[in-house]
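>
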Amino acid sequence: MHLAIHLQRQLLELIDGPRPFSAPISSGAAGIGFEDGSGRTPTGHFSIRSKHGENAPLQTCFRGRLPVGLLSGKESGNRSGDAILARILTLDGQDPANANTLARCIYIHGTAHTEQLGSPASHGCIRMSPEAIAELYELTPIGTPVLISTD
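Counted the way the working numbering counts, the sequence shown spans residues 10 to 160.
(1) Compare the Cα-Cα distances from THR69 to each of ILE93, MET137 and ARG58 and report the closest residue.
(2) According to DSSP, what are the bridge partners of CYS70?
(3) Compute the beta-carbon to beta-carbon distance between ALA130 and HIS122, rounded to the nearest angstrom, for a pair I have assumed lies under 8 angstroms.
(4) So, does the region 47–64 touch the region 95–104, judging by three or more C-beta pairs under 8 angstroms?
(5) Secondary structure at ILE151, three-state DSSP: helix, strand or coil?
(6) Which stretch, first to last residue, makes up the beta strand (DSSP E) that contains ILE115?
(7) Quick test of your reading: GLY42 and PRO51, contact by CB under 8 angstroms. State the CB separation rounded to the nearest angstrom.
(8) Using the Cα positions of PHE30 and ILE24, report the straight-line distance between them to the nearest angstrom.
(9) Using alpha carbons as the reference points, say which of VAL77, ALA108, GLY152 and HIS132 lies closest to LEU98.
(10) Would a C-beta distance cut-off of 9 angstroms place PRO154 and LEU12 closer than the cut-off?
(11) Using beta-carbon positions only, say whether LEU79 and GLU140 come within less than 9 angstroms of one another.
(12) Would you kindly report the start and end of the unbroken beta strand (DSSP E) that includes HIS11?
(13) Could you give the distance in angstroms between the alpha-carbon of THR159 and the alpha-carbon of ILE135?
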């Protein structure tokens, strides 16, 4: 089993999982890249390093991978923010070029900006709807391989 994230199609697929699963995503608005602070999404081979948010309400906001409360209407309307919602899957880069991914805090996580799914709009992370990330969280154990590609 592994995750395939297709940046051109803005789609995440679970391959050979316990059941079929795919969902639209939003990757980095600044494109593809590996530099710290670039806001770009790295490509290559990764693994899920840790999981955060088990059983949390879908509108739970996280900072530093810790729950800090529930999303309010005011925050969801804040277009300059990038609230991390529902669940977090941290990514650990397995290639020399993406070895800094964990330190860059590149995650797969839920977003309040579901209208942006299907288009690059994040600060480098892989965004999903809160419902989709909660389902993916249940389907993928720690250590699951992840391939992020441009195809």
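Beta carbons: idealized from backbone N, C-alpha and C, even for Gly.
All values reported here derive from a predicted model rather than from experimental measurement.
Answer, in terms of the structure:
(1) THR69 has its Cα closest to that of ILE93, out of ILE93, MET137 and ARG58.
(2) GLY78 and LEU94
(3) 7 angstroms
(4) yes
(5) coil
(6) No beta strand (DSSP E) contains ILE115, which DSSP labels as neither H nor E.
(7) 7 angstroms
(8) Taking the straight line from one Cα to the other gives about 8 angstroms.
(9) GLY152
(10) yes
(11) no
(12) 11–15
(13) 13 angstroms
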